[in-house]
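In case it helps, this note's numbering puts the sequence shown at residues 1 to 194.
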Amino acid sequence: MATLAEQISGLAQGALAAHGLVLVAARLSGGTSAGRGKLTVDVMAEMPDGSSPTLDLCISAARTLSAQMDVAEILNSPYTLEVGSAGLERPLTRPEDYTRFNGKQAKLTFTRPVANPSGKGVLGTAVGIITQPTEAGLTIILRDGGESLPVTFAQVRDAQLLPNADELKAIMQQANQRQKMLKESADADDASDE
1 MATLAEQISG LAQGALAAHG LVLVAARLSG GTSAGRGKLT VDVMAEMPDG SSPTLDLCIS
61 AARTLSAQMD VAEILNSPYT LEVGSAGLER PLTRPEDYTR FNGKQAKLTF TRPVANPSGK
121 GVLGTAVGII TQPTEAGLTI ILRDGGESLP VTFAQVRDAQ LLPNADELKA IMQQANQRQK
181 MLKESADADD ASDE
């Protein structure tokens, strides 16, 4: 039988697809196995081209998913449903994510500690640049020391992008340019209304 997270992921995938979105990840937090506390269902989505969805699309998808979850009766306690963009520190959940973000910085958390390629102990987490992604795993060039660490996907419990300072600066510049264009467009509309 599928776990609760798998059931929710299955429903989320269908609900998002109905609105032209792709599931990045669905995560559960809060609540207890005894049904105490409020459970939060966090669904991260993106457009098929990898761009962020609009707020309106997220709201529509959340309504669809909420209705499907209620009909399926998979949760027997109150819950909060959040549907949104995967964000800057986007989780990496599939082999194709590593291919798409080859050359980007990421943080990997391992299922078990792995040998540090420097020969100094073991690593529970690693931060570095994704390289050489395959269907079975990848190599990460460690930020601290620059050594290459080959890992299989079976060794990775959790992974997410970790934008560096230059990437964050570029993102902020793009956002500022969009704001400027929107303001100029609004000002032009106001001038034409006069």
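Backbone N, C-alpha and C fix where the C-beta goes; we use that ideal spot for every residue, glycine too.
C-alpha of D166 to C-alpha of L88: approximately 13 Å in a straight line. With contact defined as three or more Cβ pairs closer than 8 Å, the stretch 93-111 and the stretch 71-82 are not in contact. For K169, the enclosing alpha helix (DSSP H) stretches over residues A165 to D193. Cα atoms of E46 and I129: separation of roughly 23 Å, rounded to the nearest angstrom. Cβ contact annotation for S66 (same chain, cutoff 8 Å, sequence separation greater than five): L81, in chain order.
Each residue's CA atom was taken as its position, placing G119 and L92 some 27 Å apart. Considering only M44, P48, P150 and S85, the residue with the shortest C-alpha distance to T54 is S85.
In this structure, P133 is the residue among A25, P133, A72 and V156 with its C-alpha nearest to the C-alpha of R100. Spanning the alpha carbons of G10 and E73 requires a straight line of approximately 14 Å. In terms of Cβ geometry, V83 and V22 do not form a close pair [threshold 8 Å]. The beta carbon of L39 sits closer than 8 Å to those of L28, S29, G30, G31, L75, S77, P78, Y79 and T80, all from its chain and outside the five residues before and after it, given in chain order.
The shortest CA-to-CA distance from L4 to any of A26, I140, H19 and L16 is the one to A26. Within the same chain, and ignoring the five residues on either side of G121 in sequence, no residue has its Cβ closer than 7 Å to its Cβ.
For L57, the uninterrupted alpha helix (DSSP H) run begins and ends at L55 to A72, by DSSP. No residue range can be given for Q155, since it is assigned to no alpha helix (DSSP H) and is classified by DSSP as neither H nor E.
Following the DSSP letters along the chain, one finds Q13 inside the alpha helix (DSSP H) bounded by residues L4 to A17. For K104, the closest of V127, R178 and L123 by C-alpha to C-alpha distance is V127. In the structure shown, P117 falls within a coil segment according to DSSP collapsed to helix, strand and coil.
Secondary structure of P95 (DSSP, three-state): helix. For S52, no beta strand (DSSP E) run applies, since DSSP gives it neither H nor E.
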